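Numbering of the sequence shown is given in this note's numbering, commencing with residue 15 and proceeding in unit increments.
Note that beta-carbon positions come from the ideal geometry of N, C-alpha and C, so glycine has one too.
All values derive from a computational prediction rather than experimental measurement.
Reviewing the structure listed below.
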Amino acid sequence: MISTQFDYVRAQTLDEALSLLSQNEDAKILAGGHSLIPAMKLRLAMPSLLIDIGRIADLSYVREDGDQVLIGAMTSHYQIESSELLKQICPLLPECAGHIGDVQVRNKGTIGGSLAHSDPAGDWPAAVIALNAEIVVTSKSGDRTISVNDFFVDLMTTAIEPGEILREIRIKKSNGRTGQAYVKMHHPASGFAVVGVAANLTLDQAGACQTASIGITGVSAKAYRAAAVESALAGRVIDEQSTASAAAHAADGVDINGDLFASEDYRRHLAQVYTRRAIATASGRAG
Numbered sequence: 015m016i017s018t019q020f021d022y023v024r025a026q027t028l029d030e031a032l033s034l035l036s037q038n039e040d041a042k043i044l045a046g047g048h049s050l051i052p053a054m055k056l057r058l059a060m061p062s063l064l065i066d067i068g069r070i071a072d073l074s075y076v077r078e079d080g081d082q083v084l085i086g087a088m089t090s091h092y093q094i095e096s097s098e099l100l101k102q103i104c105p106l107l108p109e110c111a112g113h114i115g116d117v118q119v120r121n122k123g124t125i126g127g128s129l130a131h132s133d134p135a136g137d138w139p140a141a142v143i144a145l146n147a148e149i150v151v152t153s154k155s156g157d158r159t160i161s162v163n164d165f166f167v168d169l170m171t172t173a174i175e176p177g178e179i180l181r182e183i184r185i186k187k188s189n190g191r192t193g194q195a196y197v198k199m200h201h202p203a204s205g206f207a208v209v210g211v212a213a214n215l216t217l218d219q220a221g222a223c224q225t226a227s228i229g230i231t232g233v234s235a236k237a238y239r240a241a242a243v244e245s246a247l248a249g250r251v252i253d254e255q256s257t258a259s260a261a262a263h264a265a266d267g268v269d270i271n272g273d274l275f276a277s278e279d280y281r282r283h284l285a286q287v288y289t290r291r292a293i294a295t296a297s298g299r300a301g
């Protein structure tokens with residue numbers, strides 16, 4: 015199939031993009047295009063106007079700001095994968111980026127576009143949940159900051175409101191003995207996550223878990239925080255028994271996807287297996 019007819023504008027500034035968006039109710043923002051363009055070809059999305067923000071340089075950056083790391087929405091997967099700053103202070107993000115698509119996809123696709131699309135099998139949602147990120151959106155009225163716990167609403171639905179554009183991702187720097195990991199079962203055809211698990215752990219000197227943040231994608235209609243796993247790890251020494259016991263709760267309280275490739279039972283099993291792997295890898299990396 016081919017898309018319906020639409021107009022196209024390349025915005026030169028964020029203000030221009032916001033003005034165009036406020037004047038066109040059914041306009042869509044074009045970032046990397048890897049999700050929107052296929053949806054338009056299938057006529058799952060039929061915008062009358064595409065507002066291309068790909069050339070707005072002010073939206074592409076990785077920088078420190080006090081105790082936070084700030085990432086512009088138009089920062090490409092490859093820029094994150096290759097960032098020496100992130101490899102030092104937030105290695106979960108470069109690791110996650112390396113799991114996305116192929117070289118061409120990572121050079122064109124953007125973190126903001128992926129988060130705004132909220133694909134149930136996307137990689138970034140699990141990572142930003144595990145990192146307890148804040149998502150900054152902006153409109154003609156100014157900025158609004160959304161906790162990642164409130165950002166992913168449902169299947170391909172986020173808390174971004176009409177007239178808003180995702181502008182920035184904010185992540186607090188880790189302190190103490192912190193280990194991070196992202197593990198994933200790639201779908202053999204699409205490369206998306208059949209199951210993907212991001213773990214962010216802080217251990218005390220005895221090896222007991224002080225804090226645990228676990229984000230899971232691919233299992234349900236949206237990425238989610240595995241709160242039961244986090245609770246089961248709290249205060250426990252991370253060993254094989256405690257890891258397996260906590261990972262058994264990986265799919266608690268969620269409606270599990272089932273399809274021709276992976277049934278509900280198989281996905282539940284994979285969620286437990288990959289959660290064990292993520293916890294074990296993250297704890298092993300805690301310095």
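Quick check: what's the CA-CA separation for residue i versus residue j?
i	j	result
K55	D133	17 Å
S277	D29	46 Å
A135	A294	22 Å
H201	G123	19 Å
E148	R239	14 Å
A207	A53	19 Å
E182	T172	15 Å
S227	A237	13 Å
S204	A141	19 Å
Y280	G127	30 Å
Q255	G46	43 Å
L129	Q82	19 Å
V162	H91	19 Å
L145	F275	29 Å
M170	I143	16 Å
A285	I70	38 Å
With respect to the alpha helix (DSSP H) encompassing residue i, which residues constitute its N-terminal and C-terminal limits?
i	result
R250	Note, R250: premise wrong, no alpha helix (DSSP H); not H, not E.
R24	Premise fails: R24 lies in the beta strand (DSSP E), D21 to R24, not in any alpha helix (DSSP H).
G126	I125 to H131
D218	Segment: none, D218 is in no alpha helix (DSSP H) and carries neither H nor E.
T27	Premise fails: T27 is in no alpha helix (DSSP H) and is neither H nor E.
R181	First-last for R181: I179 to K186, but that is the beta strand (DSSP E), not the alpha helix (DSSP H).
R282	E278 to R299
Leaving out the 5 sequence neighbours to the left and right, which residues in its chain are closer than 8 Å to residue i when beta-carbon positions are compared?
i	result
D269	S234 and A235
P108	I94, E95, S96, S97, L100 and K101
A296	G193, Q194, A195, A213, N214 and L215
I179	L28, A31, L32, L35, I43, I67, A87, V151, T152 and S153
Y75	L84, I85, G86 and T89
N271	P134, G232, V233, S234, A235, E278 and R281
H131	S49, L50 and M170
Starting from the Cα of residue i, find the closest Cα among the options and give me that residue.
i	options	result
A41	I16, I67 and N214	I67
M15	A59, L44 and A87	A59
S17	L50, S36, R24 and C104	L50
V197	P61, R77, A292 and L73	A292
G80	G221, I103 and A45	I103
A25	L63, H48 and K186	L63
A220	A241, V251, V243 and L247	V251
G298	R281, A222, G229 and D273	A222
A264	P139, T231 and H131	T231
P105	D266, E244, I185 and E39	I185
E78	I65, R69, S188 and I160	S188
G229	G249, P61, W138 and A130	W138
H48	Y92, D72, A246 and G115	G115
A262	F275, L274 and L247	L247
G210	T225, V287 and T257	V287
G190	D218, G156, E244 and E175	D218
So residue i is in the beta strand (DSSP E); what residue range does that whole segment cover?
i	result
Q82	Q82 to G86
Y92	Counting along the chain, Y92 falls outside any beta strand (DSSP E), though it belongs to the alpha helix (DSSP H) covering H91 to E95.
M199	R191 to H200
T152	E148 to S153
L223	At residue 223 the sequence reads Cys, which differs from the Leu that was named. Start and end: C223 to T231.
K42	K42 to L44
V268	Per DSSP, V268 belongs to no beta strand (DSSP E) and is neither H nor E.
R77	V76 to D79
R158	G156 to S161
Within a Cβ cutoff of 7 Å, which residues of the same chain sit near residue i, ignoring the five residues on either side of it in sequence?
i	result
G177	L35, S36, S153 and K154
D266	A242
Among the residues of its own chain, which have a CB less than 6 Å from the CB of residue i, if the five just before and after it don't count?
i	result
D21	L63
Below 8 Å, can you find three or more Cβ-Cβ pairs linking the stretch 158-175 to the stretch 105-120?
no
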